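First the structure, in the form of structure tokens, and then the observations on it.
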Amino acid sequence: MPTTALPQAAELGVALRRWRLLHRVKQAHAAQLFSVAQSTISRWENGLQAMNPDEQARLGQLLGARLSAAADQALARLVEGSQQPVHLVCDLSHRLLACSPARAAEFSLPLSALMGRSLWRFSSEAIIQREASLQALGWREQLAPPALAFDTGCNRSRVVPISAGTCRWTRLILADGSAARLVETLA
């Protein structure tokens with residue numbers, strides 16, 4: 001069973017820097033938030049030092065996608081109203097943010113049991129491999145490809161089954177600067 005995927009040190013540093021700039025937080029204040037020295041924030045942002053698991057969890061809380069702005073809520077309504085099998089997840093944690101009825105019909109649990117929870121544990125091997133390739137593709141950078149289509153492979157889950165086919169991931173930046181991923185089944 002896959003573990004929760006978190007970006008590597010360099011990606012976490014880039015994400016922290018982007019969060020600081022979007023929220024106008026200086027390194028000194030970020031250092032206070034994490035109870036570390038300002039030089040540690042600099043080393044994280046430059047990919048020179050890895051965060052420990054507690055620090056990664058704190059950063060995950062800061063960067064986690066939330067649908068709090070009106071435009072983000074409108075995006076969720078579009079996903080929830082789609083007749084296609086689509087869902088929206090936090091790009092960092094894979095937490096389910098919104099889901100179409102067609103996608104929810106594939107699940108063996110009620111949607112309420114999965115909403116707000118990470119779907120990562122249901123990933124197929126092909127999805128795990130694609131996720132591992134995102135850093136090399138610059139997925140979390142400004143010049144990232146707008147969308148990626150790939151073969152999903154299949155998993156053996158009855159809760160969130162994945163059949164072999166093609167899916168597309170589209171990375172969307174939400175109003176607060178966090179990122180969500182639109183997941184569409186193409187074939």
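Heads up: the sequence shown is residues 1 to 187, going by full-length UniProt numbering. C-beta: ideal position from N, C-alpha, C; glycine also. Only a predicted model underlies this, so the values are computations on that prediction, with no experimental measurement involved.
CA-CA distance, L22 and A104? 34 Å
Cutting at 8 Å between CB atoms, please list the residues of its own chain near A144, excluding the five before and the five after it. L137, G138 and R171
By Cβ distance below 6 Å, which residues in the same chain neighbour S163 in space, the five residues on each side in sequence not counted? C154
State buried or exposed for M115, treating a residue as buried only when at least 16 other CB atoms are found within 10 Å of its CB. By the 10 Å Cβ count, M115 comes out exposed.
Mind checking L88: buried by the 16 CB within 10 Å criterion, or exposed? buried
Rounding to the nearest angstrom, what Cα-Cα distance links A30 and H94 in this structure? 24 Å
Whole-angstrom Cβ separation of D65 and A180, contact assumed at under 8 Å? Note that residue 65 is Ala in the sequence shown here, rather than Asp. Indeed they touch by this definition, with Cβ atoms about 5 Å apart.
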